[in-house]
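Q:
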Amino acid sequence: MLQVNNIEAVYSKIILALKGMSLHVPEGKIVALLGSNGAGKSTTLKAISGLLSGDGGQITDGTIEFEGEKINNITPDIIVRKGIFLCMEGRRVFGDLTVEENLMAGAYTRKNRTTIKDDMEKIYVYFPKLKALQHRKAGFLSGGEQQMLAIGRGIMAKPKLLLLDEPSLGIAPLLVKEIFQNIKQINQEEGTSILVVEQNANVALSIADYGYIMESGRVVMQGNADILLSNEEVREHYLGMGKDGEKNYKENKMYRRRQRLVW
Amino acid sequence: MTFFLQMLVTGIVVGSIYGLVALGFVLIYRASGALNLANGEFVIIGPYICLVLMTAYKIPFILSLVITLIFSAILGLVVERLVIRPIQNAPVVSVIMATIGLSSLLGGAVHMLWGHQTRTFPQVFPSTPINFSGLIITPVYLWSFIVVIVLLLLFSLFFKFSKMGIAMRAVADDRQAALSMGISVKFVYAATWAIASVVAAVGGVLLGNINGLSPTMAAIGLTVLPVVILGGLDSVLGAIVGGFIIGILQNMAGGYLDPLIGGGLKEVAPFIVVLLILMLKPYGLFGSRGIERV
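Quick mapping for you: the protein sequence lines, in order, are chains A and B. Heads up: the first sequence begins at -9 in the numbering used here, then just goes up one per residue. Heads up: the second sequence begins at 87 in the numbering used here, then just goes up one per residue.
#1: With 7 Å as the limit, tell me which residues of the stretch 71 to 94 of chain A have their beta carbon closer than that to any beta carbon of chain B; keep them in chain order.
#2: Taking the alpha carbon of I232/B as the point to measure from, which residue in I98/B, L91/B, Y369/B has its own alpha carbon closest?
#3: Between which two residues does the beta strand (DSSP E) carrying N122/B extend?
#4: In this structure, what does DSSP give as the bridge partners for E59/A?
#5: Under 8 Å, CB to CB, which of the residues in the stretch 100 to 125 of chain A have a partner in chain B?
#6: Which parts of the stretch 158 to 219 of chain B are runs of the alpha helix (DSSP H), unbroken and 4 residues or longer, counting only runs that do not cross its ends?
#7: Which value, in whole angstroms, describes the spacing of the CA atoms of G207/A and G10/A?
#8: At 3 residues or longer, what runs of the beta strand (DSSP E) sit wholly inside the stretch 0 to 31 of chain A?
#9: Can you give me the C-alpha to C-alpha distance between S219/B and T88/B, rounded to a whole angstrom?
#10: Using the rule of at least 16 other Cβ atoms within 10 Å of the residue's Cβ for burial, across every protein chain shown, is V89/A buried or exposed?
#11: What does the alpha-carbon distance come out to for the pair I153/B and P177/B?
#12: State yes or no: is the C-beta of G317/B within less than 7 Å of the C-beta of V327/B?
#13: Mind pulling the alpha helix (DSSP H) runs of 4 or more residues that sit fully within the stretch 304 to 356 of chain B?
#14: 7 Å is my cut-off, CB to CB: does T66/A come that close to chain B?
#15: In angstroms with no decimal places, state the Cα-to-Cα distance between P208/B and I145/B.
#16: For A276/B, would you say it is in contact with chain A, using Cβ-to-Cβ distances shorter than 7 Å as the test?
#17: Closer than 9 Å by beta-carbon distance: list the chain A residues that pair up with K367/B, in chain order.
#18: Report the neighbours of L343/B on chain A: residues whose CB is nearer than 7 Å to its CB, in chain order.
#19: Express the C-alpha separation of A304/B and V236/B in angstroms, rounding to a whole number.
#20: Go ahead and label V0/A buried or exposed: buried means 16 or more other beta carbons lie within 10 angstroms of its beta carbon, across all protein chains shown.
#21: Using the three-state DSSP reduction, which class does S102/B fall into: helix, strand or coil?
#22: Suppose contacts are defined by Cβ-Cβ distances below 7 Å. Is D51/A in contact with E(-2)/A by that definition?
#23: At a Cβ cut of 7 Å, what residues of the stretch 33 to 59 of chain A count as close to chain B, listed as they run along the chain?
#24: Taking only beta-carbon positions, decide if R167/B is within less than 7 Å of chain A.
#25: Could you check what DSSP says for D199/A in three-state terms: helix, strand or coil?
#26: Using 7 Å as the limit for Cβ to Cβ distance, is R116/B near chain A?
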């Protein structure tokens, strides 16, 4: 469905953020994109959704294909119309708009506007907390509620592919589990394919079908979620569950360096 | 008592027009974070067009008004495309500077095309004053008030319920996030300038019908500044309430205080009040101070 082939992305014409990044999201699946800070996860999502130019970046090489069609360097509004929706990092709900108006804003690109009310009700079923808050300004919601709203806003656009950038950021651990269960539910009931970027590898792999691990702008490891979860290296370096308990910082650093040199 | 009521009514009518012109300010401020200091020129160009259509081409008022509004929308779009869009990523101060330049340019064009003498509109509204048990209101005032109220109502509905209105507020709130919703920010900016220009033209035509038309009317751009600052730069409701307050204050000061000290206070009173209110509420009466999350 989504095929990213060897893309290279550059910020300010000088900072190379992605160096030959490739990934594939099959229809109806959840794919997790993991990695540490600055690995290029968010850049990858922005590249896909056409938002790179807003940050002074551009794709200099490679192709992004969605349903067999090349979509690099198309403006974000057309990409949303094609069916790819990005829920940006840090929720970015419209603080001065009410919950309901935020959902309406999500439905901006929809052609069929008669079913908007029904879909809004559906979102209140996925996230019952939002129902009671529908006339409240989104800026006054808690972090978890804002994240639910951000995801709900995405569903209002009826995307074929939903990109989620760190939905667990700054949210209580208990709520993170709940939100990821909701994501899984949306994937199953709406049939929306999902590409989720996470630092919290554990919770992301628990709902994903397939996972990619990034280091400094490229994929260093990939595989089915259950295989990644049981992989010794992944457990030690990304899930923080090494077999000897005590982790050696220096060793970890050396490992990352080795990973970068593989290519 | 009748004098007081008379001043109040005049104040309300003038205030409602201030509110309308202030709305143009607020719309552009919300979309781009910049004050449009050429707003006053937007206010006078519309009525000049309307006047020329009516006097030189003998087109009836309503039709002239429609053509004027279409022209104003186009003017707004052209200004956005040629002046604002090329510098949209520049600091806000640059945008404000550009609108100062634009104001000189448009003001000069008005002088060049239509001269500096005051012109009067042909009789559009009946001139027999309506007498509400001692309170005398000219039809022009009454109609202005009705037009403004209807327009302001339509705008609040537009911002609350329409897809485009919500998109405009979303862009004002978070441009990048609005882009990710698939909202075309370029289109929203263009629409904002077109609407602001149309609103200014309506205000101008009403004012022209009340006071006659001269290039100095562009100074309303400055008179309205206290209105927007008082109401809060980013609040539509603030613009309306601020407009009424300033309009009433101005007329009260003109009616009661000017005879005592020999005049001039009418123009200054709004600024004094704004100063006092800003000491207590730095963001204006309804301005948002931004929701801070801790």
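For each residue, glycine too, the CB sits at the ideal point set by N, CA and C.
A: According to the structure data:
#1: So the close ones are R71, L76, M78, R82, F84, G85, D86, L87, E91, M94.
#2: Minimum Cα distance to I232/B is reached at I98/B.
#3: Taken as a continuous stretch (DSSP letters only), N122/B belongs to no beta strand (DSSP E), as it is neither H nor E.
#4: Bridge partners of E59/A: F56/A.
#5: From the stretch 100 to 125 of chain A, only R103 have a Cβ closer than 8 Å to chain B.
#6: Those alpha helix (DSSP H) runs which fall completely within the stretch 158 to 219 of chain B and span 4+ residues are 178 to 200.
#7: Cα to Cα, G207/A sits roughly 7 Å from G10/A.
#8: Runs found: 5 to 15, 20 to 25.
#9: The straight-line gap from Cα to Cα measures roughly 10 Å.
#10: Classification for V89/A: buried.
#11: C-alpha separation (whole angstroms): 35 Å.
#12: In contact: G317/B and V327/B (Cβ atoms closer than 7 Å).
#13: Listed in chain order, they are 306 to 317, 322 to 338, 344 to 347.
#14: A quick correction: the sequence has Pro, not Thr, at residue 66/A. Yes, P66/A counts as interfacial toward chain B.
#15: About 11 Å.
#16: Not an interface residue.
#17: Neighbours of K367/B across chain A, judged by C-beta separation under 9 Å, do not exist; the nearest C-beta is about 18 Å away.
#18: Residues of chain A with a Cβ closer than 7 Å to the Cβ of L343/B do not exist; the shortest Cβ-Cβ separation is about 39 Å.
#19: Cα to Cα, V236/B sits roughly 24 Å from A304/B.
#20: V0/A should be labelled buried.
#21: In the three-state reduction of the DSSP assignment, S102/B falls in the helix class, which pools H, G and I.
#22: For D51/A and E(-2)/A, yes; Cβs fall inside 7 Å.
#23: Of all residues in the stretch 33 to 59 of chain A, those with a C-beta nearer than 7 Å to a C-beta of chain B are S39, L41, G44, reading in chain order.
#24: Output row for R167/B: interface = no.
#25: DSSP places D199/A in coil when its eight states are reduced to three.
#26: It does not; no Cβ of chain A falls within 7 Å.
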